[in-house]
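Structure follows, in structure tokens:
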């Protein structure tokens, strides 16, 4: 007895439209939220929190970011130095500013210090920057969600 | 003239490679995504002479002494070597509110200046709390500014 074929020989194809729509929505969501400006942040630094810390409306001009770790090391971009040995790096930054027609006074030194580091180390860091001609400082803190 | 009729077969795009790329993009964004709290700055102007701008013409040059124990925990807040607030930043803020009348002048250069003098070991988190207590007060989504000019005394030697 000959059996009748139950299924069509054509390959079964699912409708991909809904899935592609969903995936595009996810991509747009992540693209909008991605923040490349966090590249200069050292993730080992646990910033202290403050109820008044709010992102500035206008970004600081000529920013120089110094990350101060709990152990007293200063992370400046890819470079690591102690506070005492920071001068050559600061002089380099000052020279770059000078080459652009500006001076160290025009720069904003952003200090991202670990909340557990000694306050005296932050003072020493500021003093070291002052010796290289920097005047404007910004102490960075993270926003306190539930004050 | 007779025209050839087009085939009625459905034209299907090959979507496989596009979906592959889309998934790669999605994986990239998912892996690089991190939720981080927003960050803000406390601005301090401190030239090497220690003079942070115009002279303080108000009668409020406040010297804030922060004492710590050997573990770096805050034990006492002393204002102008006379008033002690223990480790209560709320009381310090109330004092600043009382002294400034609750409003910072329109030009920050005209306002009072607070000098922070702290023990070397004091945890930096306490320093930020002190600066927060002095510089403003949050009222809902608004921030009421109190003192704009902050400076540090020279660092004390480690204990």
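Protein chains in written order, with this note's numbering: chain Y, 32 to 178; chain F, -17 to 141.
C-beta atoms are modelled at their ideal positions from N, C-alpha and C, and glycine is treated no differently.
Just so you know, these numbers come straight off a predicted model, no measurement behind them.
For residue i, count the other beta carbons within 10 Å of its own beta carbon; 16 or more makes it buried, fewer makes it exposed. Which is it?
i              : result
residue -2(F)  : exposed
residue 154(Y) : buried
residue -7(F)  : exposed
residue 50(F)  : buried
residue 171(Y) : buried
Rounding to the nearest angstrom, what Cα-Cα distance links residue i and residue j in this structure?
i              : j              : result
residue 161(F) : residue 132(F) : Any answer about residue 161(F) is impossible in this case: the structure gives chain F only from -17 up to 141.
residue 163(Y) : residue 61(F)  : 32 Å
residue 45(F)  : residue 9(F)   : 54 Å
residue 125(Y) : residue 137(Y) : 10 Å
residue 83(Y)  : residue 106(F) : 16 Å
residue 149(Y) : residue 12(F)  : 36 Å
residue 146(Y) : residue 78(Y)  : 5 Å
residue 124(F) : residue 44(Y)  : 56 Å
residue 81(F)  : residue 129(F) : 10 Å
On a CA-only basis, which of the options is nearest residue i? Give me that one, please.
i              : options                        : result
residue 116(Y) : 159(Y), 44(Y), 72(Y)           : 159(Y)
residue 89(Y)  : 16(F), 44(F), 22(F)            : 22(F)
residue 169(Y) : 2(F), 25(F), 14(F), 4(F)       : 25(F)
residue 113(Y) : 97(Y), 62(Y), 150(Y)           : 97(Y)
residue 152(Y) : 6(F), 80(F), 135(F)            : 135(F)
residue 110(F) : 166(Y), 161(Y), 167(Y), 142(Y) : 142(Y)
residue 76(Y)  : 94(Y), 107(Y), 166(Y), 47(Y)   : 107(Y)
residue 100(F) : 0(F), 112(F), 14(F)            : 112(F)
Is the separation between the beta-carbon of residue i and that of residue j shorter than 8 Å?
i              : j              : result
residue 71(F)  : residue 115(F) : yes
residue 102(Y) : residue 111(Y) : no
residue 104(F) : residue 74(F)  : no
residue 68(F)  : residue 53(F)  : no
residue 99(Y)  : residue 139(Y) : no
residue 98(F)  : residue 48(F)  : yes
residue 119(F) : residue 174(Y) : no
Item to check | Start-end ranges of the beta strand (DSSP E) lying completely within the region 100 to 134 of chain Y, minimum 3 residues | outcome: With a minimum length of 3 residues, the unbroken runs of beta strand (DSSP E) contained wholly in the region 100 to 134 of chain Y fall at 104 to 107, 110 to 113.
Checklist entry - Could you give the uninterrupted runs of the alpha helix (DSSP H) lying entirely in the region 59 to 137 of chain F, keeping only those of 4 residues or more? => result For secondary structure counted as the alpha helix (DSSP H) over 4 or more consecutive residues, the region 59 to 137 of chain F holds these complete runs in sequence order: 71 to 82, 106 to 117.
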